[in-house]
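For the sequence shown, counting from 1, position 409 maps to 409 in full-length UniProt numbering; every step adds exactly one. Backbone N, C-alpha and C fix where the C-beta goes; we use that ideal spot for every residue, glycine too. Given the structure is predicted, the values throughout are model-derived calculations rather than measurements.
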Amino acid sequence: MTSLSDQVDRLSRNTKAIRSIAVQTASSAKNIRVSSFGVPGPFTFAILNSDLGDLIRDIDPSELGLFTLLIPPRSHPRDDDAHDIQPVEISRAEFPGSTPLRKAPLRRDGTVESKEIGPEIYAQAALKYINRYEPIRSMPRAYSQIMTVLERLAAVRRSIQSLSSILEQVGLSPPQPEEEEKRVQELHLRLKELKRRKIIATSQQKPRKFAVIREKSNIITSPPSPHEDNFWSTPDAPARALRFSDNLMDGNLDLNDITTTSFILPASATPNKDPGHVSSNYSFQRNTTPPSGPDDYLLINNVPATGDDDNSKLEDEVQGNYSVSFDADPSKPASLLPPPSFKHSKVRINNEVERIVEKIWITAGDLILPGHPSEVGGHNVETMTSLKAKEMITHLQLLSESPFIPESPTASSVSSASTDRPPTSQQILTAYLLLTLLTSAPRYSMPLNQVKDLLASKAMRGPIPTQGITRVVYGCVAKRLIKIERGGGEQIVKFDI
């Protein structure tokens with residue numbers, strides 16, 4: 001519990017504070033007295049030296065709507081006692097927002113349709129508030145703007161009314177249905193005419209003929225020779241007569257007239273040096289289809305096969321009339337036609353392909369480059385500049401697509417000195433094998449059985465025995481150009497690099 005002295009000290013301090021405040025409040029602005037309690041502040045000076053009429057004013061009706069007088073209900077309305085009267089309370093007015101019972105209708109564009117308020121209403125409301133707050137604060141600029149807006153609205157309204165009256169007086173031009181109906185009738189007539197033309201065109205249309213796609217057989221025919229052209233163009237020229245005899249020594253072979261012509265082709269138009277075997281009374285019957293094989297060129301009838309006693313008869317019959325007929329090429333069965341060739345894909349040239357081409361150039365350049373400038377003039381292939389990968393692949397494609405030409409000892413011996421000689425079957429199959437391996441990317445390898453099947457299908461176009469296919473494969477193995485790896489249950493052929 002605090003002591004009495006403490007209470008006295010506290011009361012003394014409060015008394016001094018009240019006194020100092022009273023002195024400051026009671027001091028006049030005209031006669032300011034400086035006391036020990038200090039000078040009065042600005043708030044006290046403003047309150048004590050200003051007129052009450054400047055601070056108190058009547059409330060504005062617009063401000064009166066912000067407050068509401070709450071009069072409590074009387075429990076005894078007839079009782080006029082003073083103790084029953086309760087003080088009046090003032091509370092702030094509230095404006096709760098009302099929840100609509102139904103949604104506003106939507107417009108066609110999806111927006112909510114609201115009641116449109118004219119611009120005059122907004123202008124009049126603004127003018128009303130400006131006039132009401134004019135005694136408190138004048139706003140001349142806003143008043144002039146509102147008056148300008150009202151004048152423009154009045155002018156626009158008058159313009160709209162005048163234009164509407166003019167539009168009602170002029171009126172719209174009456175519609176002309178006759179012209180539209182006439183146009184519709186013309187379009188209907190044109191549509192009927194077009195339908196009639198369509199029906200006529202579809203009825204007269206010929207049925208479509210579907211072309212039958214026939215696979216072309218890969219039968220390679222030998223190029224025509226001048227001897228054959230001479231034979232067909234001069235049917236009346238004397239031809240070589242065949243003489244059959246048991247004694248081979250009776251034949252007369254002129255070694256000074258050796259040509260590169262194959263023995264299966266007809267003789268040239270030059271008369272034979274043996275006049276006993278020639279007759280000028282031959283009659284030839286040529287068919288439209290040229291012969292296809294060596295057995296169809298000469299079919300001589302009524303010629304005895306053997307016998308020495310029949311030589312005189314043969315000479316007598318030679319002087320008579322012979323009929324040499326050329327039969328058409330009989331249709332071959334489908335089993336004898338060569339199978340379609342294996343189509344090689346494009347070769348993408350990279351570092352590995354360039355190494356393979358360089359290996360081909362070094363090991364088999366003298367084999368797969370017949371007639372190449374590197375072989376002309378006795379130059380060695382290894383001393384010449386190697387071909388590029390693209391040139392070598394192009395050369396392999398051309399060489400693999402070359403036709404097989406049957407070789408004869410006489411023709412090969414005579415043409416040995418010629419540089420422009422056709423490629424041999426070994427060169428064609430070797431080029432075909434190398435090109436097949438080059439197109440089997442990315443490993444550039446192929447099973448041995450598949451390689452043999454492709455070479456066999458390629459060799460069916462020419463008179464090449466089965467041993468020639470094996471010779472081509474193992475010839476490249478001997479040159480160390482390719483190798484055969486055994487493993488995994490099969491044999492794989494790949495380049496030896």
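Cross-strand partners of R486 (DSSP beta bridge): Q491
DSSP-derived helix/strand/coil call for S402: coil
Contiguous alpha helix (DSSP H) assignments of at least 4 residues, all confined to the stretch 128 to 196: 140 to 170
C-beta atoms of R348 and I497 nearer than 8 Å: no
contact_flag[the stretch 385 to 402, the stretch 424 to 432] where n(CB pairs < 8 Å) is 3 or more: yes
Classification of G365 by the beta-carbon crowding that lies within 10 angstroms, buried from 16 upward: buried
Reference I482; option with closest CA among S457, I405, I362: I362
Distance, I21 Cα to Q7 Cα: 22 Å
Beta-bridge partners of P423, as assigned by DSSP: BP columns for P423 are empty, so no partner.
Contact check, I368 vs F404, beta carbons under 8 Å: no
Exposure label - K458; buried when at least 16 CB within 10 Å: buried
Whole-angstrom C-beta distance between T436 and L454, which should lie under 8 Å: 6 Å
Secondary structure of S20, DSSP reduced to three states: helix
CB of Q491 within 8 Å of CB of P422, strictly: no
Residues that DSSP places opposite P447 in a beta bridge: I492
Buried versus exposed, by CB contacts within 10 Å (16 or more), S425: buried
Residue environment, M392, which counts as buried when at least 16 other CB atoms sit within 10 Å: buried
Which of helix, strand or coil DSSP assigns to Q7: helix
Inter-residue Cα distance where the pair is A125 and I160: 23 Å
Reduced DSSP category for L299 - H, G, I as helix; E, B as strand; rest coil: Any answer about L299 is weak, because its pLDDT of 37 lies below 50 and its placement is not dependable; what the coordinates show is given next. Reduced to three states, the DSSP call for L299 is strand.
Terminal residues of the alpha helix (DSSP H) in which G365 lies: 351 to 368
Nearest to E352 (by Cα), restricted to the options L191, S445, S400: S445
Whether K452 touches I469 by CB criterion (8 Å): yes
Helix, strand or coil at P119 according to DSSP, with G and I counted as helix: helix
Buried/exposed call for I360, threshold 16 Cβ in 10 Å: buried
Residue from L127, A154, V156, P135 with nearest C-alpha to Y143: L127
beta-carbon I160 near the ligand NAD non-hydrogen atom, thresh 7 Å: This structure simply doesn't include the ligand NAD, nor any ligand for that matter.
I146, buried or exposed, once every other Cβ within 10 Å from all chains shown has been counted against 16: buried
Alpha-carbon to alpha-carbon, D58 and D9: 48 Å
Option nearest R486 by Cα separation, candidates N449, L163, T202, A456: N449
Alpha-carbon to alpha-carbon, N350 and R471: 30 Å
Sub-8 Å separation of residue 504 and E120 beta-carbons: One cannot answer for residue 504 here, as it falls past the ends of the chain, which runs 1 to 497.
Inter-residue Cα distance where the pair is I484 and Y474: 9 Å
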